[in-house]
Amino acid sequence: LAVGALEALGELKIEVPNQVQVVGFDDQPLMDFVGLTTVHQPIAKLGRWAANAITRRLSKPRATPRSTVLPVELVARRTTKPVA
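In my numbering, the protein residues as written are 52 to 135.
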């Protein structure tokens with residue numbers, strides 16, 4: 052969606068990041084090329100958490116699911132400006 056927003060802003064001659072800043076989610080290697088600032092998630096940790104949650108649920112069907120907070124990181128690129 053963020054890449055599509057960048058395309059639309061370009062067509063409208065709206066300057067990124069001077070007039071509008073754009074941030075995407077789910078950092079991908081292609082975003083380095085695009086220059087899109089994104090939020091990076093620890094996908095491997097998320098996968099391990101999900102596998103453990105499924106295993107726990109299968110072994111104890113009545114157990115209350117556990118939630119967890121995983122760290123995310125803002126990967127700043129060309130579509131945002133530093134905070135003044």
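All C-beta atoms, glycine included, are put in the ideal place defined by N, C-alpha and C.
Let's see if you can read the secondary structure: which residues bound the alpha helix (DSSP H) around residue 55? In the sequence shown, counting from the first residue as 1, residue 55 sits at position 4. It spans 53-62 - the alpha helix (DSSP H) in which residue 55 sits, taken as one unbroken run.
Is the separation between the beta-carbon of residue 91 and that of residue 78 shorter than 8 Å? Taking the sequence shown and counting its residues from 1, the one referred to as residue 91 is at position 40. Taking the sequence shown and counting its residues from 1, the one referred to as residue 78 is at position 27. It is a contact, given that the beta carbons lie within the stated cut-off.
Please report how far the alpha carbon of residue 107 lies from the alpha carbon of residue 87, in whole angstroms. In the sequence shown, residue 107 corresponds to position 56, counting from 1. In the sequence shown, residue 87 corresponds to position 36, counting from 1. Their backbone Cα atoms lie some 38 Å apart in a straight line.
Mind checking residue 73: buried by the 16 CB within 10 Å criterion, or exposed? In the sequence shown, the residue the question calls residue 73 occupies position 22. So residue 73 counts as buried.
Candidates 109, 132, 93, 53: closest to residue 120 by CA position: Here residue 120 is taken as the residue at index 69 of the sequence shown, counted from 1. When each option's Cα is compared against that of residue 120, the closest is 93.
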